[in-house]
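Note that the working numbering gives residue 222 to position 7 of the sequence shown, counting from 1, and the numbers run on in steps of one.
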Amino acid sequence: MQQPASSSTSVVMAADSGPNIALDSLTRQNNTTPYIAGDIVCAMAGDPLAPVPLVFTAARANGGSGLIVRAVCMSPTVDAGLDTILLYLFTAAPTMADDNAAFATALTNCIGVIPLTLQPAIASGTIWQSAAGVQFAYACGATVTTLWGIAVAGDGWTPTAQQVLAFRLHLDRN
């Protein structure tokens with residue numbers, strides 16, 4: 216059965232200076248299959264089904280650069296089972312394995328990984344975020360304004376069916 220894909224359309228909140236936000240989200244498969252540390256967490260779309268990376272509009276112009284000053288993942292599902300999400304970022308669309316498969320993506324065009332850690336429980340959902348003071352430099356490819364992401368479970372986790380994970384990159388763009 217085909218499942219909903221990532222939104223595949225990043226939204227950038229317009230502002231001429233200071234932090235901006237690039238975001239994308241994914242909707243997991245309609246199952247509760249457990250993940251182990253190192254498994255990819257992604258949407259699957261198309262016919263045949265294929266994994267969908269996160270897509271963030273991170274620059275004002277092709278080849279733009281800046282700093283990621285904070286990264287956040289939010290879910291409307293109350294979920295205390297996943298302590299860490301590793302967000303790998305790339306300057307070109309990565310070739311990746313399916314959801315719930317081991318992360319074995321070539322690190323070509325990878326600019327690094329940002330660990331997002333579980334925050335104190337709230338009644339209306341779950342938040343994972345990067346450590347305070349993140350200063351993660353990036354530069355987009357020469358012909359794009361985009362960064363691509365792959366979310367990876369940092370530890371074992373049993374998800375909720377069709378759980379939505381919304382990712383935000385807080386940016387200070389050059």
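Quick reminder that beta carbons are idealized off the backbone N, C-alpha and C, glycines included.
Please read these numbers as outputs of a predicted model, since none were measured by experiment.
{"query": "Kindly indicate which three-state DSSP category Ala368 falls into: helix, strand or coil?", "result": "strand"}
{"query": "Using 8 Å as the threshold, is the segment 250–267 in touch with the segment 316–329, meaning 3 or more CB pairs across them?", "result": "yes"}
{"query": "Decide if Asp239 is buried, meaning its Cβ has at least 16 other Cβ atoms within 10 Å, or exposed.", "result": "buried"}
{"query": "Have a look at Gly369 and Thr248 and give me their C-alpha separation to the nearest angstrom.", "result": "16 Å"}
{"query": "Are the CB atoms of Leu333 and Asp298 nearer to each other than 7 Å?", "result": "yes"}
{"query": "Can you tell me whether Ile283 is buried or exposed, with buried defined as 16 or more other CB within 10 angstroms of its CB?", "result": "buried"}
{"query": "If I follow the unbroken beta strand (DSSP E) through Arg388, where does it start and stop?", "result": "379–388"}
{"query": "Taking Ile326 as part of the beta strand (DSSP E), name the residues at either end of that continuous run.", "result": "325–333"}
{"query": "Measure the alpha-carbon distance for Leu386 versus Thr360 and round it to whole angstroms.", "result": "13 Å"}
{"query": "According to the neighbour-count rule (16 or more other Cβ atoms, all chains shown, within 10 Å of its Cβ), is Asp231 buried or exposed?", "result": "In this prediction, Asp231 has a pLDDT of 35, which is less than 50 and means its spatial position is unreliable; nothing more can be read from the coordinates."}
{"query": "On the DSSP bridge list, what partners appear for Leu241?", "result": "Leu380"}
{"query": "Which partner residues does Val267 have in the DSSP bridge list?", "result": "Ala258"}
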